[in-house]
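Peer 1: Quick one: the structure is below, and I'll ask about it shortly.
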Amino acid sequence: MTARIGVVTFPGSLDDKDALRAVRIAGAEPVSLWHRDTSLHQVDAIVLPGGFSYGDYLRCGAIARFSPVMQTILEQARAGMPVLGICNGFQVLCESHLLPGALTRNDHMHFVCRDQKLRVENADTAWTVDYSAGQEITVPLKNGEGGYVADERTLDELEAEGRVVFRYLDGNPNGSRRDIAGITNAAGNVVGLMPHPEHAVESLTGPTTEGLGFFTSAITTLKKMVHA
Amino acid sequence: MSSDIHSSAPRTPAPPQTPAPPQASRLDTTEHAAATPDTELPWAELGLKEDEYARVREILGRRPTGAELAMYSVMWSEHCSYKSSKAHLRQFGEKAPHSDALLVGIGENAGVVDIGQGYAVTFKVESHNHPSYVEPYQGAATGVGGIVRDIIAMGARPVAVVDPLRFGAPEHPDTRRVVSGVVAGIGGYGNCLGLPNIGGEVVFDSCYQGNPLVNAGAIGVMRHEDIHLAKAAGTGNKVILYGARTGGDGIGGASILASETFEDSSGKPAKRPAVQVGDPFQEKLLIECTLEAFAERLVVGIQDLGAAGLSCATSELASNGSGGMRVELDDVPLRDSTLSPEEILMSESQERMCAVVEPSKVERFLAICEKWDVTATVVGEVTDGDRLEIYWHGEKIVDVDPRTVAHEGPVYQRPYARPSWQDALQADDAGKLPRPVDGKELREQVLRLVASPNQADKSWITSQYDHLVQGNTVLAQREDAGMIRVDEETNLGVALATDGNGRYAKLDPYTGAQLALSEAYRNVAATGAEPLAITDCLNFGSPEDPDVMWQFVEAIRGLADGCRQLGTPVTGGNVSLYNQTGETAVHPTPVVGVLGVIDDVTRRTPIAFAQEGQLLYLLGDTREELGGSAWSQVVHDHLGGMPPAVDLERERLLGEILVSASRDGMIDAAHDLSDGGLVQAVVESCLKGGKGARLVVPDGIDPFVLLFSESQGRAVVAVPRSEEVRFNDMCGARGLPVTRIGVVDGEEVELQGQFSIPLSELRTAHRETIPALFG
Amino acid sequence: MARVVVDVMLKPEILDPQGQAVQRALPRLGFEGIADVRQGKRFELEVEGPVDDAALARINELAETFLANTVIEDFTVRVEELEEETATA
Amino acid sequence: MARVVVDVMLKPEILDPQGQAVQRALPRLGFEGIADVRQGKRFELEVEGPVDDAALARINELAETFLANTVIEDFTVRVEELEEETATA
Ligand SMILES: Nc1ncnc2c1ncn2[C@@H]1O[C@H](COP(=O)(O)OP(=O)(O)O)[C@@H](O)[C@H]1O
Ligand SMILES: [Mg+2]
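Chain order of the listed sequences is A, B, C and D. When we follow full-length UniProt numbering, the leftmost residue of the first sequence carries the number 1, and every step to the right adds one. When we follow full-length UniProt numbering, the leftmost residue of the second sequence carries the number 1, and every step to the right adds one. When we follow full-length UniProt numbering, the leftmost residue of the third sequence carries the number 1, and every step to the right adds one. When we follow full-length UniProt numbering, the leftmost residue of the fourth sequence carries the number 1, and every step to the right adds one.
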């Protein structure tokens, strides 16, 4: 049985097609989900894609959080379904309090689009099992509000529990605290990051194909969940 | 507070508004206009000339109503009517080369070309120069928004944007405001819209100080059967206005009408702001819902609302169709309920579209709009007459032949003459300027050149743009052209480059326009794509100045002749006049966008020299051509002489060689030579690939000329050793001069016997200028 | 040190996409009875020295030339009292 | 109709790049004597009906759950008096 991975389209989502393509290239069945859906159409995992949901007015992700589909996703995420938030999706996960902290305006104030080197700090989450801890990967980064912030206690807790999943290497692109590029929840099924692995799945269009591991990891994880 | 009207039920009596609607007796109906022939109207304030106003009266057989005057005045403006340029632009049609690829030519929202496999591509460049000086962020943002709506209106999905930009002197105190605002606005709008930015230009010159040029281009892709035209056919079909509500944006002129003549001005701003604010999120929804309606075949005709808003959309739709049109202005959803009918007609509120839909499909159309949270309202219908009639509070305020508004505006034969200073300018030969005397001076000037604002790396700007979204970007910034994959199965793709050199055009506008064309053509060919068709954006000063008018006429003639010779038709474009501060016009700046097609994007040729040991060949002839060159500007702050000579047959041959070499896998990198000459191209390719180059000076050429001359029809290519013979044979057989100039090697750029510069030093020089100025 | 607050709001006739987005979201959140929302910027300036008329005049100029773009925005300058007016989080 | 203003500012311990950018630009513009700048958001809500304690409580909730992200922001809610305090553009 092929894994069904859903990608949510909010009004203003932009990298939803790219996430669907990445799911397909990884070998899973891509399923489009609409923000007004309350059913998740039997998907096994969810990607919240990048973009500017609702124009990113107010705060990035703040309005998307209240959409009908998010209410179901909140329940399923708490029940263990793998959920990946990329960029705007990460912001939605933080706004929804599925992940701690928040994303603020880049410290240099500009939108930045560039290739970004990352270190995989935790290769045990639902979205990173196909990587190895300490592995370095390069995927694109593009955001205007990607500075990860949380209070010191939360940051310490994240570090202590190994919940920092990715860290920026060769220069912090946005002022994120402790060079944090992505984090996970305690259970390891919900992961959010600012960089865009779905834009590093084809050598023709990406700097590398090192983003593919996110999507194959989810497939690996889902197989294990079925067998468990 | 919010008393916006939103009635999708047609023809309900208008709800009461605040403030109270003007009494019937004060409304300037057509009947009232006929009965009061002597009423004075502020036609001059609205920009009409005396004879133009007389012509309106003659067409109507009476004085116009205020609403009619509003429509004629905006539609007959230079911007909408092309009254100064029309007579000359005709050449683009008359001289057009035959092209099987051209599906829709000049005159529509944008031209459409066939790229094979059932796909069609539409593309266009437009200017948003003046608004971007007043309010750089919003001016540039709404420029992107406007060009993208042109693309959607053709039935295409927008797939990429480009932004050719011209700013004032880099060190001028006002330049930072304009640069940072414009760049943030283009990024802010384009990024939020989900369109990759794949190219453009950034040029600084003090001639643009009070008139930055903000041109924005877009490409869209569709299937042949999805091409849509702006016309209102089919009696009884409904006219649906959808998108943003109408507010008081950009209607300075109409407010004069409303406040001074036709209503008491109490409680109204004397003059509404002329600046529009963009809402890219609304535009993203507009794209999605429009494409969904197209896919379900719900739309008969469509028009975007840009300059001149509803006046333009209704008159163009009606005049391009077979019948007439009746519009109920009360049904237009408003953001500001105090707007007068004249203002509603002239408002330039952004993110609006107008569709013509059969009655049986209206419900479905509205449902799609609802799905995307887009406000949509039936505001009128197609009638069987030939009049455009507009009603307000049940009374007729416009009754015109729409063709007279949209297509039969004035046409001027403006006087023009070769400027008296042109000869002296051309006689001031750049060849006489002092040149570097030894390797040390050459080295120093190379570093100055690559660090100069115009030649420096623009990543600080382009990294503020998302070039990746949609996942089909094959080539983008720092390559010769942007390239987009159109079909994931077959790898069919398109490439687009925009170019223009105002310095060349100032020296000789005919040649300058052809140089813009040949550079963009060469850039596209260098990536391995075959040039197919062009768009242009002609940025000039005041057409009322015979000097400027001459530049304009010459540039058009040059471009039209050039396109005929290269076989690339002009599919559409834009004219921006009055780019001047006081008496001083900007350099004549024709910007040309060339679209190419590539059957397999995986064979694209990048600019990077990345493979150690590969051989570097210079294609084409290098002559001593320094007029208008980057070297003359950077080292001597000089502009004079003749621009480089154009040889379009050579450009075509070079293009064929570059495409063949890509197809047969003979080259790994190619970079066209343009401003800055060979050394600029080599430095860019080395820095991109992270590898150095060892160059030798071929026999019979002066090292300085080799490095800095801007002779056209040239490119530098990196050839794997295994392909050397085959590549040379091909060039030889086709008669293209080819010179081996060096090898990719090491960590420095070296010109044997002259100088060598470490890559790190070049990188610093090339990369730090722009952030230091604007970061 | 005194605090001067500069509020910058889009002029009433200018489109406010941000405010509109907030307003459109309200019903979904179960909030009724809010007829209009506009979103602007608030700058808090910590001023060294006395906030006299001269200082205020300078800040007005700053607001007019830099903090606001008066083509599309209005602004207000005021000295903030130390006590906050109503509820505070 | 009454106007309720919600001011949202980043918490003091959170980096405010926008405010800093403004502050850094001041010397270039020839403005001295401003020790710190912070930039936040100002929301103007036009409320239908009376702004009583119940209404204010609801708006507080709106601010807390939606207008501000209390992980990084503080907010203030106040009913706006019709007269403006100091200079107005
Ligand atoms: N404003 C801009 N927006 C996007 N891309 C730009 C912009 N300015 C320059 N570029 C890109 O940077 C690269 C170098 O520009 P330029 O030197 O003008 O190229 P060329 O000389 O080959 O025409 C090109 O890929 C161009 O598209
Ligand atoms: Mg080039």
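Glycine included, each C-beta is placed from N, C-alpha and C at the ideal position. Quick caveat: nothing in here was measured; it's all calculated off a predicted structure.
Checking contacts by CB at 8 Å: is D:I34 closer than that to chain F?
Peer 2: Included in the structure are the protein chains A, B, C and D, with no chain F among them.
Peer 1: Contact between the region 222-233 of chain B and the region 149-159 of chain B: three or more CB pairs below 8 Å?
Peer 2: yes
Peer 1: How is B:K440 classed by DSSP in three states: helix, strand or coil?
Peer 2: helix
Peer 1: Between the region 236-243 of chain B and the region 351-369 of chain B, can you find at least three pairs of beta-carbon atoms closer than 8 Å?
Peer 2: yes
Peer 1: The region 40-57 of chain C: which residues have C-beta closer than 8 Å to a C-beta of chain D, in chain order?
Peer 2: G40, K41, R42, F43, E44, L45, E46, V47, E48, G49, A55, L56
Peer 1: Leaving out the 5 sequence neighbours to the left and right, which residues in its chain are closer than 7 Å to D:E73 when beta-carbon positions are compared?
Peer 2: V8, M9, L10, K11
Peer 1: Do you know how far the Cα of D:A25 is from the Cα of B:R557?
Peer 2: 47 Å
Peer 1: Taking the straight line between their C-alpha atoms, what separation do you get for A:G206 and A:H199?
Peer 2: 6 Å
Peer 1: If we define contact as Cβ-Cβ less than 8 Å, is A:F66 a contact residue for chain C?
Peer 2: yes
Peer 1: So that I know if they touch, is there some Cβ in chain B lying closer than 8 Å to that of A:R114?
Peer 2: Judged by the 8 Å Cβ criterion, A:R114 is in contact with chain B.
Peer 1: Just to make sure I have the definition right: I need the residues of chain C whose C-beta is within less than 8 Å of the C-beta of D:R38. Which are they?
Peer 2: F43, E44
Peer 1: From which residue to which residue does the beta strand (DSSP E) around B:S711 run?
Peer 2: Here B:S711 belongs to no beta strand (DSSP E), and DSSP marks it neither H nor E.
Peer 1: With C-beta atoms as the reference, is B:G742 less than 8 Å away from B:A670?
Peer 2: no
Peer 1: Within 10 Å of its beta-carbon, does B:S420 have 16 or more other beta-carbons around it, so buried, or fewer, so exposed?
Peer 2: exposed
Peer 1: In this structure, does DSSP put B:M75 in helix, strand or coil?
Peer 2: helix
Peer 1: Going by beta carbon distance, what residues of the same chain come within less than 8 Å of residue 777 of chain B, once the five residues before and after it are set aside?
Peer 2: Here chain B covers residues 1 to 775 and nothing more, so residue 777 of chain B does not appear.
Peer 1: Exposed or buried, which one is B:P415 when buried takes at least 16 other CB atoms within 10 Å?
Peer 2: exposed
Peer 1: Between the region 644-655 of chain B and the region 518-530 of chain B, can you find at least three pairs of beta-carbon atoms closer than 8 Å?
Peer 2: yes
Peer 1: Distance cutoff 8 Å, beta carbons only. Does D:T86 sit that close to anything in chain A?
Peer 2: Note that D:T86 has pLDDT 41, beneath the 50 cutoff, so the model's placement of it is unreliable and the number below is only indicative. No, D:T86 does not count as interfacial toward chain A.
Peer 1: By the three-class DSSP mapping on this structure, what secondary structure does B:C537 have?
Peer 2: strand
Peer 1: Please confirm if D:F66 has its CB atom under 8 Å from at least one CB of chain A.
Peer 2: yes
Peer 1: Which residues in chain D sit within 8 Å of A:N106, going by Cβ to Cβ distance?
Peer 2: For A:N106, the C-beta contacts it makes with chain D under 8 Å involve P17, in order along the chain.
Peer 1: If the cut is a Cβ gap below 7 Å, which residues of chain A does B:S463 touch?
Peer 2: V112, C113, R114
Peer 1: Taking the straight line between their C-alpha atoms, what separation do you get for A:A62 and C:V22?
Peer 2: Each residue's CA atom was taken as its position, placing A:A62 and C:V22 some 10 Å apart.
Peer 1: In chain A, which residues lie less than 9 Å from B:D599 when you measure between Cβ atoms?
Peer 2: Result: empty, since nearest Cβ-Cβ is about 15 Å, beyond 9 Å.
Peer 1: How would you call B:V202, buried or exposed, if buried means at least 16 neighbouring beta carbons within 10 angstroms?
Peer 2: buried
Peer 1: Does the beta-carbon distance from C:V5 to C:V51 come in below 8 Å?
Peer 2: no
Peer 1: Using only alpha-carbon positions, find the residue among B:G143, B:C207, B:G582 that is nearest to B:E544.
Peer 2: Taking only the C-alpha atoms, the option nearest B:E544 is B:G582.
Peer 1: How do the region 467-475 of chain B and the region 391-398 of chain B stand: do at least 3 beta-carbon pairs fall below 8 Å, yes or no?
Peer 2: no
Peer 1: Spell out whether any CB of chain D is found under 8 Å from the CB atom of A:V139.
Peer 2: no
Peer 1: Residues of chain C with a CB under 7 Å from the CB of B:E135: which are they?
Peer 2: N69, V71, I72
Peer 1: Could you have a look at A:P68 and say whether DSSP puts it in helix, strand or coil?
Peer 2: DSSP places A:P68 in helix when its eight states are reduced to three.
Peer 1: Comparing C-alpha positions only, which one of A:M70, A:A79, A:N185, A:E145 sits nearest to A:A160?
Peer 2: A:N185
Peer 1: Report yes or no: is there a C-beta of chain D within less than 8 Å of the C-beta of A:G175?
Peer 2: It does: the Cβ of A:G175 has a partner Cβ on chain D nearer than 8 Å.
Peer 1: B:S265 to A:G182, Cα distance in whole Å?
Peer 2: Low confidence applies here, because B:S265 scores a pLDDT of 36, under 50, leaving its location unreliable and the question unanswered by this model.
Peer 1: Would you grab the beta carbon distance between B:L449 and B:Q754 for me? Rounded to a whole angstrom, and I think it's under 8 Å.
Peer 2: That belief does not hold up - the Cβ atoms of B:L449 and B:Q754 are roughly 15 Å apart, past 8 Å.
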